[in-house]
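In this note's numbering, the protein residues as written are 28 to 160.
Every residue, glycine too, gets a C-beta built ideally from N, C-alpha and C.
Remember, predicted model here, so these are calculated numbers, not experimental data.
Report on one structure; see the data block that follows.
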């Protein structure tokens with residue numbers, strides 16, 4: 028029997044939140060997501076979450092010292108535009124855009140967090156050999 032490998036179209040990060048209504052408003056207003064009872068998404072499922080009301084506040088446990096979700100952005104210009112959009116919309120900024128140089132090129136990223144402290148990173152790469160962002 029031949030096994031057919033299928034393509035995954037997108038994935039969602041599941042987040043237990045302390046206050047669903049406040050989280051829903053934050054993901055809509057600050058992060059630009061469309062939120063309904065099933066998910067919080069933007070950019071045709073390029074960025075998505077399943078927000079679930081936690082039964083117990085102790086169940087809300089963001090990762091310590093790293094991101095809970097990381098999203099790739101096409102190039103540095105779009106990354107900068109996204110940063111301005113999110114900051115203007117009231118997103119909680121954890122780190123401003125920072126560029127790091129490697130032998131292959133540059134990586135630039137920034138992070139925001141939600142009301143429960145879940146950290147979302149956004150980054151883009153610029154390879155030396157292509158001269159593209």
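Open item on the list: For residue 41 and residue 121, what's the separation of their Cα atoms in angstroms?
Closed with: 20 Å
Task: residue 135, buried or exposed, once every other Cβ within 10 Å from all chains shown has been counted against 16 - done: buried
Task: contact_flag[the segment 63-80, the segment 100-108] where n(CB pairs < 8 Å) is 3 or more - done: no
Open item on the list: Quick check: residue 97 and residue 132, are their CB atoms within less than 8 Å of each other?
Closed with: no
- [ ] Note down the Cα distance separating residue 102 from residue 51, rounded to an integer number of angstroms.
- [x] 28 Å
Open item on the list: Taking the alpha-carbon of residue 94 as reference, which of 146, 81, 37, 114 has the nearest alpha-carbon?
Closed with: 146
TODO: With a floor of 3 residues, list each beta strand (DSSP E) that falls wholly inside the segment 74-102, ordered by position along the chain.
DONE: 74-80, 96-99
Open item on the list: For residue 76, which residues in the same chain have their Cβ closer than 8 Å to its Cβ, ignoring the five residues on either side in sequence?
Closed with: 39, 40, 41, 42, 54, 60, 66, 67, 68, 96
TODO: For residue 158, collect the residues of the same chain with a Cβ closer than 7 Å to its Cβ; drop the 5 residues on either side in sequence, then sort them by chain order.
DONE: Note that residue 158 scores a pLDDT of 44, beneath 50, so its modelled location is shaky and nothing firm can be said.
Open item on the list: Suppose you measure from the CA of residue 113 to the CA of residue 119; what does that come to, to the nearest Å?
Closed with: 8 Å
TODO: For residue 84, I'd like the list of residues in its chain whose CB is within less than 8 Å of its CB, leaving aside the five on either flank, ordered along the chain.
DONE: 45
Open item on the list: Output needed for residue 36: all residues of its chain with C-beta closer than 8 Å, excluding positions within five of it in sequence on either side, in chain order.
Closed with: 72
Open item on the list: If contacts are defined as beta-carbon pairs under 8 Å, then residue 141 and residue 87 qualify, I think. What distance do you get, rounded to the angstrom?
Closed with: About 10 Å; that fails the 8 Å criterion.
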